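Residue numbers (my numbering): 1232 to 1711.
Don't be surprised by glycine CBs; every beta carbon is placed ideally from N, CA and C.
All of these numbers come straight from a predicted model, not from anything done at the bench.
Worksheet: one structure, shown below.
Below, the structure is given as structure tokens:
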């Protein structure tokens, strides 16, 4: 691990003050982790509160030649906020202002530390909401959502984060402040918004975000559908979309997950169900009635054992509480979990789910499924105890098998969690060397020295590895 010189610490203290520059071991240990199972080495933590502070810190880091890892709430699941080799962690979690709301456009300018759920809560009285809603929305921040192009259950019809970001202010690696996009429709020039969203903090530090707001639907209906097999549930998802019905959300949980969630939330879920679909449709009363009837008919034709419609808003909220607490419920099965969020074509969903079940049996592991079924964004969770090295070895072998099975049917490595550290070395499964080199060159245009979130997203080789700093190299397999 590289040591941060005392002169550098003093310079950051001149910018932020002593209290917002953290150098104690226990403080750095906390910032060496995120929501994944990866662990890193944090050299120093900077707690910024304004764009000017971020700019000054980035300028200082540039002049000192220090690597910097941007961090929001630290809920990421792919190791994207993990500092390596003593990198400086620059946290924007304290930047939580809602700067302005324009109910006519409608849009809002917010700082990156604003929590996802707080955006919708803050505009609910205007009949508006922010559509991307990750399951961690009560804890994850807008800046992190931008970094990974986060999705969520209600992104099936509305689209993921990239469809809801109108503009951004970012601080470049040398401290320069750049604004891209804005509320105006179809701005001229290159769409740098689309490049930065999903950039995982490798291009700049996002300090302001203009989010698109959507008007609340007049009517919402939520259905809970019980299936005798995962195969029949997957077939129902395929057939609903094939008929041209695009629900607001369509989520699936398998039996193991349903039982864990029910013990945790007590939502009245049918625990003997092999698979549950949570389907929500919204729109005008007539549209909702037609779509709900179509969904129920297709599900019954696919073998659904029962279809239950939420009686009121309280029961609807309980259904969603069960779905959004699924990851937390895994603790009832094992102390740790490992997951990927590959996306597969809906037409291959049944095949891939069967393959995942076979992978779990082959490795002797518990694999639980809870995912965005409507868009094929899988979230297989492997429950395990990381204190057991034999289990850990099996977990990574199973994870590799899952990724390869998804890519083999035309899937992608990530739908919303990002590539980060954990999936970096799988990038060649999806991209040819020329593709990776092109991405690396685009990254170099923003960060020619490779100091911003180094050794994330792009694997070594195809020129990408040449951007690694001299601070040291982390041997393969030692990032846990």
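Distance between residue 1476 and residue 1393 (C-alpha atoms, nearest Å): 23 angstroms
First and last residue of the uninterrupted beta strand (DSSP E) at residue 1644: Neither: residue 1644 is in no beta strand (DSSP E) and is coded neither H nor E.
Proximal residues to residue 1297 (C-beta, below 6 angstroms), its chain only, five neighbours per side dropped: 1319
Residue-chain proximity (residue 1479, chain C), Cβ-Cβ < 9 angstroms: No chain C appears in the structure shown, which is made up of a single protein chain.
DSSP three-state assignment for residue 1376, whether helix, strand or coil: helix
Buried or exposed by the 16-neighbour rule on C-beta atoms within 10 Å, applied to residue 1330: exposed
Beta-carbon gap between residue 1390 and residue 1343 smaller than 9 angstroms: no
Beta-bridge partners of residue 1485, as assigned by DSSP: 1506
Backbone CA spacing between residue 1500 and residue 1598 [nearest angstrom]: 20 angstroms
Coil, strand or helix - residue 1664 by DSSP: helix
Bridge partner(s) assigned by DSSP for residue 1568: 1614
DSSP-derived helix/strand/coil call for residue 1249: helix
C-beta atoms of residue 1398 and residue 1412 nearer than 9 angstroms: yes
Close Cβ partners of residue 1706 (< 7 angstroms) along its chain, the five nearest in sequence each way excluded: Because residue 1706 sits at a pLDDT of 34, beneath the cut-off of 50, its placement in the model cannot be relied upon, and the point is left open.
Three-state secondary structure assigned by DSSP to residue 1620: helix
Where the beta strand (DSSP E) containing residue 1441 begins and where it ends: 1436-1443
Exposure of residue 1368, with buried meaning 16 or more beta-carbon neighbours within 10 Å: buried
Nearest-angstrom Cβ-Cβ length linking residue 1359 and residue 1337, presumed shorter than 8 angstroms: 6 angstroms
Anticipated Cβ contact below 8 angstroms, residue 1386 with residue 1347, distance rounded: Incorrect: roughly 12 angstroms between the Cβ atoms, too far for contact.
Within the segment 1390-1467, ranges of the alpha helix (DSSP H) (whole runs, at least 4 residues): 1423-1427
Counted within 10 angstroms of its Cβ, other Cβ atoms place residue 1688 as buried (16 or more) or exposed: buried
Residue 1275 - DSSP class collapsed to helix/strand/coil: strand
Endpoints, alpha helix (DSSP H) assigned at residue 1529: 1516-1532
8 angstroms CB neighbourhood of residue 1682 in its chain, flanking five on each side removed: 1292, 1293, 1296, 1297, 1298, 1299, 1404 and 1700
The segment 1662-1673 in contact with the segment 1589-1609 per 3-pair CB rule at 8 angstroms: no
Alpha helix (DSSP H) segment containing residue 1347, residue limits: 1347-1354
Continuous beta strand (DSSP E) stretch holding residue 1333: start and end: 1329-1333
Supposed close pair residue 1286, residue 1402 - CB separation, criterion 8 angstroms: 5 angstroms
Beta-carbon spacing of residue 1307, residue 1648 below 9 angstroms: yes
Proximity of residue 1354 and residue 1334 at Cβ, strictly below 9 angstroms: yes
Between the CA atoms of residue 1629 and residue 1256 - distance to the nearest angstrom: 34 angstroms
Cβ pair residue 1587, residue 1608 closer than 9 angstroms: no
Straight-line Cα distance separating residue 1589 from residue 1523: 34 angstroms
Neighbour-count burial assignment, residue 1693, 16 or more Cβ in a 10 Å radius: Low confidence applies here, because residue 1693 scores a pLDDT of 48, under 50, leaving its location unreliable and the question unanswered by this model.
Residue interval of the beta strand (DSSP E) (run including residue 1593): Run containing residue 1593: none in the beta strand (DSSP E); it sits in the alpha helix (DSSP H), 1580-1594.
Selected residue, minimal CA-CA separation from residue 1547, among 1239, 1453 and 1614: 1453
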